[in-house]
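Counted the way the numbering used here counts, the sequence shown spans residues -19 to 577.
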Amino acid sequence: MSRAGSEVTVRGTVQGVGFRPFVYRLATELGLDGDVRNDGGAVVIRLAASPPALTDFVTRLRAQAPEHARVDQVSIRPATGPLGPGFAVRHSTTGTSGTGGSRELPPDLATCAACLRELFDPADRRYRYPFLNCTGCGPRASIVDDLPYDRASTTMREFPLCPRCAAEYHDPANRRFHAEPVACPECGPRLCWIPCGATNPSALAERALAAAVAVIEHGGIVAVKGLGGYQLACDAGDETAVAWLRAGKARPRKAFAVMAPDLATVRRLARTGRTAERLLASAAAPIVLLPRRPGTAIAPSVAPGLSELGLFLPYTPLHHLLLDALRRPLVVTSGNRAGEPIVIDDHRAASVLGPICDGVLGHDRRILARYDDSVVRVVAGRPHMIRRARGYAPEPLPLPVPATNPIVGLGAQLKHTVTLAVGGQAVLGPHTGDLDDTEAFDAFEQTLHRLCRQRKAEPRVCAHDLHPAYLSTRYAGLWPAGHRVGVQHHHAHIVATAAEHGLAEPFVGLAFDGLGMGEDGTFWGGEVLVASYRDYRRVGRFGTAPLPGGAAAVRRPARMALGYLFGAEDCGSEPLEWPLAGDLLERVGDREAGAVA
């Protein structure tokens, strides 16, 4: 006999985290009839329940939600349509619960303990399968095209489920119940090995993995197709391999991240602590910057001249298999050349990464959204985000001042990212490189369109840098004049930092960020601002000086030294002694000659 009931709409991070299976089990345990479905960016639950039972259900819904879920809002209204006996997971709909509220994509999650046990269990049918996952782990944001989060909305739609995977997918008692990326060796993606200079795979599956392991063991470099893009990997203890990797990436000094096989290896390489170890082992699995121990067998070129190492643990089954076979720390860095976006396209991997590596360890699961590895530093026992990417993004951040209309922040020129603000939340796009590169600009446009489509947002206003020559500033010309807002570069940095820490305005901010166009038409470089989230007053600054070679002076600090030597603003300080100036000139000349050579 059908009964009317209540409709519960849940918003937050509630798709791609096992929320529907959780609701099914909870409703079944409480003996409630009804159904659950993904609806746009929300989860909608229909229940035939008395008021006390409904209250109990909602209380437990909030308190017992899956580990990686976040319940932001629960609304209740009368259900439409009859409810039959039992409880079911229904097909998803595309937003019948209304347009309000957030549409949140879950981030990619590191391999969970249960899947890791299966990976190394010879009796399991997914033994050594590089793409196993469940509702608690695996790819999410990097393979999702749009919400609602269903297999048909991901790149996994290209891999029809085999009977055994389909049975797990539809079994409420199985942890892969409605796990959208579920796969096995019979029906899922496959590894392939493409040697340097080849266009077709020479090995598949286990033989592909063995080929990659052999290359690294013999001092080579392998391009690995990871979760959010290609990565370049080599033996972190092999100075020759690391130096060759630096030359290939055109990255002369910036530190490389090191992936360690396990936490015990991390402890041997660096000084850790409770917070750092918790971060390393978390589902986000970020790179954590740690004080290095002296005398470790890490090549000097991994982090030249630095007292820290960026360390992280394997976070995909493929990483676990590689590290298990090699039993040594690996340099695992983004698959790109300096200033370019991380490569996600298989054809571009061959052209861009082919000259750098000795072979490509790829697979046939497409990557839709690029995500670098996140970077975190622990300060006074608390984590501080350096780069918010895989494992954290695209989960939104709270805004201290809500956006009355959707706003897009178009970013600057170097180390570019784009941000979409909707209501009280900001969604950060992935790092796309330097916008003076055509691939980076294409990645910027693709990211912006994807963010807007997934959030169902049409930005009414854009915020852009004051520098008129930046491509992001010129892109702002697509908006009408009354819908563009120029933002001073250093004010943007200070406001972002204040918002990250939840500061009340006004606040004092110091920005030592290098080049930033000022409102007076000069380039600012070191500022002290008394600021709010809307405006600022400049109360301190560095003295001005010429920029020999323009933007070249930003990349080569020796040129800035010459600018200050011969044209610095007179701020009342003692002039530089000429013998010292002569020595400086000689050093600058040597550096410029070396750069040309």
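Positions of the beta carbon are idealized from the N, C-alpha and C atoms, including for glycine. Only a predicted model underlies this, so the values are computations on that prediction, with no experimental measurement involved.
**Prompt:** How is Val340 classed by DSSP in three states: helix, strand or coil?
**Reply:** Locating residue 340 in the sequence shown gives position 360, where the first residue counts as 1. Residue state, collapsed to three classes: strand.
**Asked** Among all the DSSP beta bridges, which residues are the ones paired with Ser(-14)?
**Response** Start at 1 with the first residue of the sequence shown, and residue -14 comes out as number 6. According to DSSP, Ser(-14) bridges with Leu27 and Pro58.
**Item:** Sequence-distant residues of the same chain with beta carbon closer than 6 Å to Gly(-4), five excluded per side
**Value:** Against the sequence shown, residue -4 aligns to sequence position 16. Result list for Gly(-4): Pro86, Arg120 and Tyr129, in chain order.
**Asked** Quick one: what does DSSP say His581 is sitting in, helix, strand or coil?
**Response** Only positions -19 to 577 of the chain appear in this structure, which leaves residue 581 out of reach.
**Asked** Would you call the CB atoms of Leu301 and Ala203 closer than 7 Å?
**Response** Looking up residue 301 in the sequence shown gives position 321. Looking up residue 203 in the sequence shown gives position 223. Pairing Leu301 with Ala203 gives a Cβ-Cβ distance that is not under 7 Å.
**Request:** Tell me, please, which residues DSSP counts as bridged to Ile474.
**Result:** Here residue 474 is taken as the residue at index 494 of the sequence shown, counted from 1. Answer is none; Ile474 lacks a bridge partner.
**Message:** Here's a check: name, in chain order, each residue in its chain whose Cβ is nearer than 7 Å to the Cβ of Arg137, leaving out the five neighbours to either side.
**Reply:** As a first step, residue 137 is located in the sequence shown; it is residue number 157 there, counting from the start. The answer, listed in chain order, is Arg131.
**C-alpha distance - Asp126 paired with Lys436, whole-angstrom precision** = Against the sequence shown, residue 126 aligns to sequence position 146. Against the sequence shown, residue 436 aligns to sequence position 456. Taking the straight line from one Cα to the other gives about 10 Å.
**Distance CB(Glu507)-CB(Ala491) smaller than 7 Å** = Within the sequence shown, numbered from 1, the residue matching residue 507 stands at position 527. Within the sequence shown, numbered from 1, the residue matching residue 491 stands at position 511. A contact, by the Cβ cut-off of 7 Å.
**Asked** First and last residue of the beta strand (DSSP E) that includes Tyr516?
**Response** Taking the sequence shown and counting its residues from 1, one reaches residue 516 at position 536. Taken as a continuous stretch (DSSP letters only), the beta strand (DSSP E) holding Tyr516 covers Tyr516 to Arg521.
**Prompt:** Between Leu269 and Arg251, which are expected to be in contact by the criterion C-beta below 8 Å, what is the C-beta distance as a whole number of angstroms?
**Reply:** For the purposes of this step, residue 269 is taken as residue 289 along the sequence shown, with counting starting at 1. For the purposes of this step, residue 251 is taken as residue 271 along the sequence shown, with counting starting at 1. About 11 Å separates the two Cβ atoms, so there is no contact after all.
**Asked** Could you give the distance in angstroms between the alpha-carbon of Arg350 and the alpha-carbon of Glu375?
**Response** Counted from its first residue, the sequence shown places residue 350 at position 370. Counted from its first residue, the sequence shown places residue 375 at position 395. Using only the alpha carbons, I get a separation of about 15 Å.
**Message:** Cutting at 8 Å between CB atoms, please list the residues of its own chain near Thr255, excluding the five before and the five after it.
**Reply:** As a first step, residue 255 is located in the sequence shown; it is residue number 275 there, counting from the start. In chain order, Val358, Gly361, Arg362 and Pro363 place their CB closer than 8 Å to the CB of Thr255, counting only its own chain and leaving out the 5 sequence neighbours on each side.
**Message:** Spatial neighbours of Ala420 within its chain, please: C-beta separation below 8 Å, excluding the five flanking residues on both sides.
**Reply:** For the purposes of this step, residue 420 is taken as residue 440 along the sequence shown, with counting starting at 1. Once the five neighbours on either side are set aside, the close Cβ partners of Ala420 are Gly319, Glu320, Pro321, His396, Thr412, Gly413 and Asp414.
**Message:** Can you tell me whether Leu53 is helix, strand or coil according to DSSP?
**Reply:** The residue given as residue 53 occupies position 73 in the sequence shown. Rather than Leu, the amino acid found at residue 53 in this sequence is Gln. Reduced to three states, the DSSP call for Gln53 is strand.
**Message:** For the pair the stretch 166 to 176 and the stretch 184 to 196, tell me if three or more CB-CB distances fall below 8 Å.
**Reply:** yes
**Prompt:** Per DSSP, what kind of secondary structure is His444 in: helix, strand or coil?
**Reply:** If you number the sequence shown from 1, residue 444 lands on position 464. Three-state DSSP puts His444 in a strand.
**Message:** For Pro271, list the residues DSSP reports as bridge partners.
**Reply:** Stepping through the sequence shown from its first residue, residue 271 is reached at position 291. Under DSSP, the beta-bridge partners assigned to Pro271 are Glu288.
**Asked** Which value, in whole angstroms, describes the spacing of the CA atoms of Ala461 and Leu289?
**Response** For this step, residue 461 is matched to residue 481 along the sequence shown. For this step, residue 289 is matched to residue 309 along the sequence shown. Their backbone Cα atoms lie some 47 Å apart in a straight line.
**Request:** Kindly give me the distance between the Cβ atoms of Glu47 and Gly116, rounded to whole angstroms, as I take these residues to be in contact under 8 Å.
**Result:** Translated into positions along the sequence shown, residue 47 becomes position 67. Translated into positions along the sequence shown, residue 116 becomes position 136. That belief holds up - the Cβ atoms of Glu47 and Gly116 are roughly 7 Å apart, short of 8 Å.
**Request:** Kindly indicate which three-state DSSP category Glu485 falls into: helix, strand or coil?
**Result:** Against the sequence shown, residue 485 aligns to sequence position 505. Note: Glu485 maps to coil in three-state DSSP.
**Asked** Should Thr135 be labelled buried (16 or more other beta-carbon atoms within 10 Å of its own) or exposed?
**Response** By one-based count along the sequence shown, residue 135 stands at place 155. Thr135 is buried by the Cβ-count criterion.
**Asked** CB-CB under 7 Å to Pro284, same chain, minus the five flanking residues each way: which ones, in chain order?
**Response** Here residue 284 is taken as the residue at index 304 of the sequence shown, counted from 1. Taken in chain order, the residues that qualify are Arg233.
**Through-space distance from Ala511 to Glu485, alpha-carbon basis** = Counting from one through the sequence shown, the residue named residue 485 turns up at place 505. Counting from one through the sequence shown, the residue named residue 511 turns up at place 531. If I take the Cα positions, the gap works out to 7 Å.
**Prompt:** Is it true that the stretch 14 to 23 meets the stretch 91 to 105, where meeting means three or more beta-carbon pairs spaced less than 8 Å apart?
**Reply:** no
**Asked** Excluding the five sequence neighbours on either side, which residues of its own chain have a C-beta within less than 6 Å of the C-beta of Glu572, listed in chain order?
**Response** By 1-based counting over the sequence shown, the position of residue 572 is 592. A caution first: Glu572 carries a pLDDT of 48, below 50, which makes its placement in the model unreliable, though a value can still be read off. For Glu572, where only same-chain residues beyond five positions count, there are no Cβ hits under 6 Å.
**Request:** Could you spell out the range, first to last residue, of the alpha helix (DSSP H) harbouring Cys432?
**Result:** Numbered from 1 along the sequence shown, position 452 holds the residue referred to as residue 432. Unbroken alpha helix (DSSP H) run through Cys432: Thr418 to Arg435.
**Asked** Helix, strand or coil: how does DSSP classify Thr115 here?
**Response** If you number the sequence shown from 1, residue 115 lands on position 135. Thr115 falls in the coil class under three-state DSSP.
**Item:** Start and end residues, alpha helix (DSSP H) containing Cys145
**Value:** The residue labelled residue 145 in the question sits at position 165 within the sequence shown. Pro143 to Tyr149 is the extent of the alpha helix (DSSP H) around Cys145.
**Message:** Considering only the alpha carbon of each residue, which of Leu27, Thr399, Val311 and Ala183 lies closest to His343?
**Reply:** In the sequence shown, counting from the first residue as 1, residue 343 sits at position 363. When only C-alpha atoms are compared, the closest one is Ala183.
**Message:** Could you tell me the alpha carbon to alpha carbon distance between Val355 and Arg247, rounded to whole angstroms?
**Reply:** Within the sequence shown, numbered from 1, the residue matching residue 355 stands at position 375. Within the sequence shown, numbered from 1, the residue matching residue 247 stands at position 267. Going from the Cα of Val355 to the Cα of Arg247 covers about 18 Å.
**Residues bridged to Met172 [DSSP beta-bridge criterion]** = Here residue 172 corresponds to residue number 192 of the sequence shown, with the count starting at 1. Note on residue identity: the sequence assigns Cys, not Met, to residue 172. Paired residue(s): Leu184 and Gly342.
**Request:** Give a yes or no on contact between the stretch -4 to 15 and the stretch 32 to 41, applying the rule of three or more CB pairs nearer than 8 Å.
**Result:** Between the stretch -4 to 15 and the stretch 32 to 41 there are three or more inter-stretch CB-CB distances shorter than 8 Å, so the stretches are counted as touching.
**Asked** Does the separation of the CB atoms of Ser72 and Leu34 fall below 7 Å?
**Response** Along the sequence shown, one-based indexing puts residue 72 at 92. Along the sequence shown, one-based indexing puts residue 34 at 54. The answer is no: Cβ separation not under 7 Å.
**Message:** Going by the DSSP bridge assignment, what does Tyr210 pair with across the sheet?
**Reply:** For the purposes of this step, residue 210 is taken as the residue at position 230 of the sequence shown. Answer is Lys205.
**Request:** Would you mind reading off the limits of the beta strand (DSSP E) that contains Gly389?
**Result:** As a working mapping, residue 389 is identified with position 409 in the sequence shown. Segment Leu377 to Gly389, the beta strand (DSSP E) holding Gly389.
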